[in-house]
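Student:
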Amino acid sequence: MPPTLLRQFWNFVEQTQTGILLGLDDSALCQWLVVQFTRQQPLEPSQVACLRDYAAARINLIRDMAQDRSQNFLIGLA
3 MPPTLLRQFW NFVEQTQTGI LLGLDDSALC QWLVVQFTRQ QPLEPSQVAC
53 LRDYAAARIN LIRDMAQDRS QNFLIGLA
């Protein structure tokens, strides 16, 4: 995948509500990310397959980032 597409994907992940990132199971989250991202950024079928594999391989990182954002938000409220 091109670097610009990867940057756009990670920006999309960072803008996604933590409740979604933490609330769905791995398969549903991967599917949701790909569907929602491709609504904003139309992709070729081969790119969609690559993105699905890429997201699935990094699902733990995505959840860790969401958990960190959630904790930082709660600390900011204290």
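Count along the sequence shown from 1, add 2, and you get the number used in our numbering. For glycine and all other residues, C-beta sits at the position ideal for the given N, C-alpha and C.
Would you kindly report the start and end of the unbroken alpha helix (DSSP H) that includes GLU16?
Tutor: 5-17
Student: Measuring alpha carbon to alpha carbon, tell me which residue in LEU63, LEU24, ALA51, GLU16 is nearest VAL36.
Tutor: ALA51
Student: DSSP three-state call for ARG41: helix, strand or coil?
Tutor: helix
Student: Excluding sequence positions up to five away, which residues of its chain have a Cβ less than 6 Å from the Cβ of ARG54?
Tutor: VAL36
Student: Do you know whose CA, among GLY25, THR6, GLN42, lies nearest ALA68's CA?
Tutor: GLY25
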